[in-house]
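*Asks:* Numbering (my numbering), first residue to last: 991 to 1160.
1) Quick check: residue 1036 and residue 997, are their CB atoms within less than 9 Å of each other?
2) Whose CA, out of 1079, 1111, 1007 and 1134, lies closest to the CA of residue 1094?
3) Going straight from the alpha carbon of residue 1073 to that of residue 994, what length do you get?
4) Say whether the region 1083-1090 touches the region 1062-1069, bearing in mind that this needs 3 or more beta-carbon pairs closer than 8 Å, one atom from each stretch.
5) Measure the CB-CB distance between residue 1068 and residue 1106 and report whether it falls below 9 Å.
6) Return yes when the Cβ of residue 1024 is within less than 9 Å of the Cβ of residue 1043, no when it is not.
7) Quick one: give me the first and last residue of the beta strand (DSSP E) that residue 1112 is part of.
8) Who are the near neighbours of residue 1078 in its chain, counting only those whose CB is closer than 7 Å to its CB and skipping five residues on each side?
9) Would you mind sorting residue 1052 into buried or exposed? The rule is 16 or more other CB atoms within 10 Å of its CB.
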């Protein structure tokens, strides 16, 4: 689910939605358990996870379990999100290890986000030190991103000169 207008991003130079959609499509191509959703890109205004999960819940119905994957760094910011208590009621949060970050204190967070303790599932994985910010910075510096993104995505970024020029073509 590529974000439409990410509300937490301080960047003013957001990559156009058509490029972000295509990169996700290329990244999941041939992987039957993944599906591209344009729900946030098609919805006007800022993208909020709680609105996306509510829309998915409405479309899929109550018989499906929804899982929201996020890094420990993002989980620590959950109290700043729009309506986080409602979000944790609608889905399980799968919190993934993130290098340089420690596990957030759910007991302390519970005061700000009631229900978060019951919602979180911890997924300890070998740390992978890759972030979209780092990938964009590497490209801007002329460094390789080989092995950091799928080959098809790497070729797409190169072909469209994304993250090199001040403003990618829209």
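Ideal placement from N, C-alpha and C gives every residue a C-beta, glycine not left out.
*Replies:* Reading from the atomic positions:
1) yes
2) Among 1079, 1111, 1007 and 1134, the Cα nearest to that of residue 1094 is on 1111.
3) So the alpha carbons of these two residues sit roughly 18 Å apart.
4) yes
5) yes
6) no
7) For residue 1112, the enclosing beta strand (DSSP E) stretches over residues 1110-1113.
8) 1103, 1105, 1106 and 1109
9) Result: exposed.
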